[in-house]
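Right, one structure below, let's go through it.
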Amino acid sequence: MPAPGILVTGGAGFIGSHTCVALIAAGYRPVVLDTLVNSDARSLKRVACITGIEPVLVRADVRDAAALDRAFAAHPVRAVVHLAGLKAVGESVADPLGYYDVNLAGTLSLVQAMGRAGVRTLVFSSSATVYGDSHPSPIPESAACNAVNPYGRTKAMVESVLADLSRSDGRWGIACLRYFNPVGAHESGLLGELPHGPPNNLMPYVAQVAAGERDCLVVHGADYDTADGTGVRDYVHVMDVAEGHVAALRHAARRPGVLMTNLGTGHGASVLEVVSAFERASGRRIALRIGPRRPGDAPAYWADARGAFLALGWRARRDLDQMCADSWRWQAANPHGFDDPAPAFAANL
Ligand code: NAD
Ligand code: WQD
2 MPAPGILVTG GAGFIGSHTC VALIAAGYRP VVLDTLVNSD ARSLKRVACI TGIEPVLVRA
62 DVRDAAALDR AFAAHPVRAV VHLAGLKAVG ESVADPLGYY DVNLAGTLSL VQAMGRAGVR
122 TLVFSSSATV YGDSHPSPIP ESAACNAVNP YGRTKAMVES VLADLSRSDG RWGIACLRYF
182 NPVGAHESGL LGELPHGPPN NLMPYVAQVA AGERDCLVVH GADYDTADGT GVRDYVHVMD
242 VAEGHVAALR HAARRPGVLM TNLGTGHGAS VLEVVSAFER ASGRRIALRI GPRRPGDAPA
302 YWADARGAFL ALGWRARRDL DQMCADSWRW QAANPHGFDD PAPAFAANL
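Below, the structure is given as C-alpha cells:
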C-alpha cells in the first residue's frame, strides 16, 4: 500500500521541512511545492538524511493556477498542508499588496485548484498574529481577531475565506493552526531556521550571538509590566508544531468543517529567560544590552493551549531548554546553513 501523498506548499521552509519529517514519520509521502524564494532545496536532502525519504520538489508558485493543476495531475495527493507564504510583520507594513497577493490571493488560487482536483482536506498555517495586541493571556481561540498589521490581517482574511468555503460546501475538512512562536530545530542538527540577513526573531539572533556571529543582543525594552520587564512570548518547538500538523491532518480528513486552533505551550517566557536557557544549552555567555521598545511589540502573550488537546489530542511536549539545545546544535553545526555538509554526528541517525 503506497504512502498517501500530501502536498506541502512552502515545504522547503523552516516549518515546512520539519513538517515533512513529521509527515514521513506518520506514514505519509510529502510532495513539496515551493518557489524557494525564502528557502533552500537542500533542506529536502536533509529531510532525506533524517527519514530516508526525499520529498519530491515541484518548484512553483501557489499563485500559478496552471502549475497547480499540473502538480495535482502529476502527484495524486489526499490533502494539502499550506505553509507557503510571506511572514515578516515589518515587511508587510512596507509592502501590503505583496503580502495580500501571496498570502491571500495565493491561498485563493490554491483552494480553487484543490477544488478542481477534488482534494478538499486542508491544513492552513495561520498565526497568533490574528489576535492583535489587545487580549489578556492566555488567549483562547474564541478571542476576537483584531490583527494590527497587514501580515496578521492576511491570515485572518484567509481564515474567513476558508470558513465561508466550508459553509458553502460541506465536503471540505479544514484546520487553521494559529502558531504562536515556533523556534528550535530538529534534534539531529540537520534542519533549522535559515534567516536571510540579520534575524528579526529572538531565538535565531541569540543563537548567532552564542556562535560569535553577532556581537550583542539588543533587548527590545525592559520596562514592560512583566516579571523581569522584558517581553513575554509562547515559544513552541518547531517539531511540536510539525507534529501538530499531522494531528490536524488526521482531524480534517475525517471531520468536515473548519477548526481554528492555537499551537502553543500555554506558557510564556521572557526575553531574559530565553537568554538564560540558551546560555545553559550552549555553555556560551550571551552579551546583551537593553534598548528601546520595538514599535508594534505587545508586552506579553501566550496561548490557551487546551483547544488543540481537546480537538486534536495534541500538546507541546518539548520545553524551552530543549528548544534552545536543539537550536544551538543546528547553529553550531551549520554556521553557513546548508552550505555546510551534513554534520558527521548525524550520519548514524
Ligand atoms: P519560511 O519562509 O521558512 O517558509 C515559507 C516557504 O514558503 C518558503 O520555503 C518560501 O520559499 C515559500 N513561498 C513563499 N511564497 C511562495 C509562493 N508564492 N509560492 C510557493 N512557495 C512560496 O517561513 P516559516 O517560518 O516556515 O513559515 C511557514 C508558514 O508559517 C508561513 O505561512 C508563516 O506565515 C506561518 N507562520 C510562521 C511563524 C514563524 O514564527 N515562523 C509563526 C506563525 C505562522
Ligand atoms: C520575541 C520577543 C521582542 C528580537 C514574530 C511575528 C509573528 C510570528 C512570530 C509569523 C519580543 C524580543 C526580539 C531581538 C528582542 N511570525 N526581541 N531582541 O515579535 O513575538 O513574533 O514571530 O507569524 O507574526 O511578529 O517574535 O522573536 O521577533 O520577538 O528583545 O533582537 O523577543 O521584543 O518580546 P514576535 P520575535
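Each residue of the sequence shown is one higher than the one before, starting from 2 at the first, in the working numbering. Don't be surprised by glycine CBs; every beta carbon is placed ideally from N, CA and C.
What is the C-beta distance between S128 and G153, in whole angstroms, given that I count them as a contact (C-beta under 8 angstroms)?
Yes, S128 and G153 are in contact; Cβ-Cβ is about 7 angstroms, under 8 angstroms.
Any heavy atom of ligand 2 within a distance shorter than 7 angstroms of the CB on D298?
Yes, the beta carbon of D298 sits closer than 7 angstroms to at least one heavy atom of ligand 2.
For I25, which three-state DSSP category applies?
In the three-state scheme derived from DSSP, where H, G and I count as helix and E and B as strand, I25 is classed as helix.
Quickly, what does DSSP pair G174 with across the bridge? List them, please.
Among the bridge pairs identified by DSSP, G174 is matched with T122, G258.
What is the DSSP secondary structure of D35, reduced to helix, strand or coil?
Strand at D35.
Reduced DSSP category for G301 - H, G, I as helix; E, B as strand; rest coil
It is worth fixing the name first, because residue 301 is Ala in this sequence and not Gly. DSSP places A301 in strand when its eight states are reduced to three.
Distance, A212 Cα to V162 Cα
Answer to the nearest angstrom: the Cα atoms are 43 angstroms apart.
Between the CA atoms of D340 and H76 - distance to the nearest angstrom
Rounded to the nearest angstrom, the two C-alpha atoms are 30 angstroms apart.
Given a cut-off of 8 angstroms, decide if S277 and T227 are closer than it, judged by their beta-carbon atoms.
With contacts defined by Cβ atoms closer than 8 angstroms, T227 and S277 do not form a contacting pair.
How many angstroms separate the CA atom of A157 from the CA atom of D216?
Straight-line Cα distance between these residues: approximately 37 angstroms.
Three or more C-beta pairs under 8 angstroms: does that hold for the stretch 291-305 against the stretch 244-253?
No: fewer than three Cβ pairs fall under 8 angstroms.
Exposed unless 16 or more other CB atoms sit within 10 angstroms - verdict on S40:
Of the other Cβ atoms in all chains shown, 16 or more fall within 10 Å of the Cβ of S40; this residue is therefore buried.
Please classify S297 as buried or exposed, where buried requires at least 16 neighbouring CB atoms within 10 angstroms.
For clarity, residue 297 is Gly in the given sequence; the question names Ser instead. With fewer than 16 Cβ atoms within 10 Å of its Cβ, G297 is classed as exposed.
Going by the beta-carbon positions, is the gap between T52 and D35 smaller than 8 angstroms?
It is not a contact, given that the beta carbons lie outside the stated cut-off.
Could you say if the stretch 237-249 and the stretch 299-317 meet the contact criterion of at least three C-beta pairs nearer than 8 angstroms?
Taking 8 angstroms as the limit for Cβ pairs, the verdict is that the stretch 299-317 does touch the stretch 237-249.
What separation, rounded to the nearest whole angstrom, lies between the Cα atoms of A333 and G284?
For the pair A333 and G284, the Cα-to-Cα distance works out to about 12 angstroms.
Going by C-alpha to C-alpha distance, which of D322, H246, A186, T20 sits closest to N352?
Within the shown structure, residues of the chain are numbered from 2 to 350, placing residue 352 beyond reach of any answer.
Near M2, what residues of its chain come up, given a Cβ to Cβ distance below 7 angstroms and the 5 sequence neighbours on each side ignored?
Once the five neighbours on either side are set aside, M2 has no close Cβ partner at all.
Please confirm whether A243 and V22 have their CB atoms less than 8 angstroms apart.
Contact: yes.
Within this structure, are the beta carbons of V32 and I7 separated by less than 8 angstroms?
The answer is yes: Cβ separation under 8 angstroms.
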